[in-house]
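Residue numbers (my numbering), protein chains in the order written: chain A, 1 to 106; chain B, 1001 to 1237.
The beta-carbon is built from N, C-alpha and C at its ideal position, and this holds for glycine as well.
None of these values were measured; they are calculated from a predicted model.
Working notes for the structure below.
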Amino acid sequence: MSDSEDVLATAAGWRAAGENVALATVVETWGSSPRPAGSRLAVSASGKLAGSVSGGCIEGAVADAAKKTMASGTPQLLDFGISDERAWEVGLACGGKLKVFVEKLA
Amino acid sequence: MTPELLAALQEAQAEKRPVALLTRLSDGHQLLWPDSAVPAPLAEAAAAALREDEAGNLTLEGEAWFIHPHNPPLRIVIVGAVHIAQALVPIAQATGYAVTVVDPRRAWATAERFPGITLIHEWTDDAVAALAPDVRTAVVTLTHDPKLDDPGLDAALKSDCFYIGALGSRRTHAKRVARLTEMGHSADSIARIHAPVGLNIEAVTAPEIALSIMAEIVAVRRGAALGRRAPAAAAAA
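Here's what the structure looks like:
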């Protein structure tokens, strides 16, 4: 079982147990991002996490966004490490940049 | 992701069928390829992503799409239900590989020694050939017994598997090269075999040897310099 498959199965399990769940997926990377495109992080409404979208530097911000998507049902496309004044700018220690797509597991 | 799409994706994974998840990033609309008919550029990108095992992006009519390949797990076929095999199984599984153990010796290849692992008790050439090793498969022979290892290697050399490793010292391997040559395999073909098996980390214990084997398989799969061996050097050694 690949790690991405594992995260999907875990997320499906939480959903089946009645929890609200959001899935975050790395969709594009530039520079030295620690996790390749396709890497997933699952987040449950109660705060459970599975998988990763970075070495740990942006998981907190992604989890916050995931909770918004769980509530609204609206997907989000987040930019990290891009040098502008955007709310999502948390910076990556590695100097990489990435885009993360966040969706609700309906 | 809709419940229907999640179910279809998980079903494809259970059936070990390669599929690509296509996501329109503006609104999260998703399709599964090849299950759904999609515009030609998306289908081409999906096929390429599966072939390369690498996610990609495509802009089609002003819309950004994410192309996410979901290939079945890579496979390791282990010939020889020996102690090193027992150590290799959990490392291989943790690395994301599906493991099959081949050994006609039923006393070795038992469910007790390999819980939850597919065990095949056929003779090693038939067993390896029947598993149809492909470009996503590694074959490792560990029995240390030519009458079991050689037929397994013979079948592996006739396949497209991306990695072949054989346990045994350089001297053992030199004799093995002679036997495989006798069986009609060319020097180029035999040079596909990584022997002595594993990266040279001076491994001693079974788990250490298993770790060196797994590291070599990853190095070959990822195209790392460590995974390459000069055939000339191997022959001279």
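CB contact check: L127 (chain A) to chain B, cutoff 8 Å
Because chain A spans 1 through 106 in this model, residue 127 (chain A) falls outside it and cannot be assessed.
Can you find a CB in chain B that lies within less than 8 Å of the CB of E85 (chain A)?
Residue placement at E85 (chain A) is poorly supported in this model, since its pLDDT is 44, which falls under 50; the coordinates still yield a value, given next. Output row for E85 (chain A): interface = no.
To the nearest angstrom, how far is the alpha carbon of G18 (chain A) from that of T10 (chain A)?
13 Å
DSSP state of E1011 (chain B), grouped into three classes?
helix
When you check each C-beta in the stretch 22-33 of chain A against every C-beta of chain B, which residues fall closer than 9 Å?
L23, T25, V26, V27 and E28
Thinking C-beta only, is E28 (chain A) closer than 8 Å to N1057 (chain B)?
yes
Please report the residue range of the alpha helix (DSSP H) in which L1167 (chain B) lies.
Careful: L1167 (chain B) lies outside any alpha helix (DSSP H) and carries neither H nor E.
Looking at the structure shown, is E1112 (chain B) part of a helix, part of a strand, or coil, going by DSSP?
coil
Which of helix, strand or coil DSSP assigns to E85 (chain A)
Because E85 (chain A) sits at a pLDDT of 44, beneath the cut-off of 50, its placement in the model cannot be relied upon, and the following sentence gives the value as read from the coordinates. Note: E85 (chain A) maps to coil in three-state DSSP.
Kindly list the residues whose CB is nearer than 8 Å to the CB of R1179 (chain B), restricted to its own chain and excluding five residues on each side of it in sequence; keep chain order.
P1146 and D1150
State the Cα-Cα distance for the pair T1095 (chain B) and V100 (chain A), rounded to the nearest angstrom.
24 Å
For A1111 (chain B), go through chain A and note every residue whose CB falls closer than 9 Å to its CB, in chain order.
Those do not exist, as A1111 (chain B) stays about 20 Å from chain A at its closest Cβ, beyond 9 Å.
Taking 8 Å as the threshold (beta carbon to beta carbon), is L49 (chain A) in contact with chain B?
no
Looking only at C-alpha atoms, which of B:V1038, B:A1138 and B:L1042 sits nearest to G1165 (chain B)?
B:A1138
Could you work out which residue in B:S1189, B:V1077 and B:I1084 is closest to D1125 (chain B) when comparing CA atoms only?
B:V1077
What would DSSP say about W14 (chain A), mapped onto helix, strand or coil?
helix
Entirely enclosed beta strand (DSSP E) segments - the stretch 1033-1103 of chain B, minimum 3 residues
1056-1060, 1063-1070, 1074-1079 and 1097-1102
Suppose you measure from the CA of A45 (chain A) to the CA of P1072 (chain B); what does that come to, to the nearest Å?
30 Å
Looking at the structure shown, is T1023 (chain B) part of a helix, part of a strand, or coil, going by DSSP?
strand
Euclidean distance between Cα positions of L1050 (chain B) and T1023 (chain B):
15 Å
Considering only the beta carbon of each residue, do W1065 (chain B) and L1021 (chain B) sit closer than 8 Å?
no
Is the beta carbon of L8 (chain A) less than 8 Å from the beta carbon of A24 (chain A)?
no
Spatial neighbours of P1207 (chain B) in its chain, beta-carbon cut-off 6 Å, leaving aside the 5 residues before and after:
A1087
To the nearest angstrom, report how far apart V21 (chain A) and P1003 (chain B) are at their CA atoms.
12 Å
Between which two residues does the beta strand (DSSP E) holding E103 (chain A) run?
K97 to L105
Which residue marks the beginning of the beta strand (DSSP E) containing L1142 (chain B), and which one marks its end?
Looking at the DSSP string, L1142 (chain B) is not in any beta strand (DSSP E), and its letter there is neither H nor E.
Given this structure, state the Cα-to-Cα distance separating S33 (chain A) from G81 (chain A), to the nearest angstrom.
10 Å
Say whether chain A places a C-beta atom closer than 8 Å to the C-beta of P1003 (chain B).
yes
Any beta-carbon of chain A closer than 8 Å to the one on D1027 (chain B)?
yes
Indicate whether at least one CB of chain B lies closer than 8 Å to the CB of A12 (chain A).
yes
If you draw a straight line from the C-alpha of D1103 (chain B) to the C-alpha of Q76 (chain A), how long is it?
51 Å
Close Cβ partners of G73 (chain A) (< 8 Å) along its chain, the five nearest in sequence each way excluded:
K104 and A106
Mind checking if A1233 (chain B) is an interface residue toward chain A, Cβ cutoff 8 Å exclusive?
For A1233 (chain B), the predicted structure reports a pLDDT of 45, less than 50, and the residue's modelled location is therefore unreliable. The matter cannot be settled from this model.
Do you know offhand how far G31 (chain A)'s Cα is from L98 (chain A)'s?
9 Å
What three-state label does DSSP hand R1176 (chain B) in the structure shown?
helix
Is the beta carbon of V1135 (chain B) closer than 8 Å to that of G1079 (chain B)?
At residue 1079 (chain B) the sequence reads Val, which differs from the Gly that was named. Contact: no.
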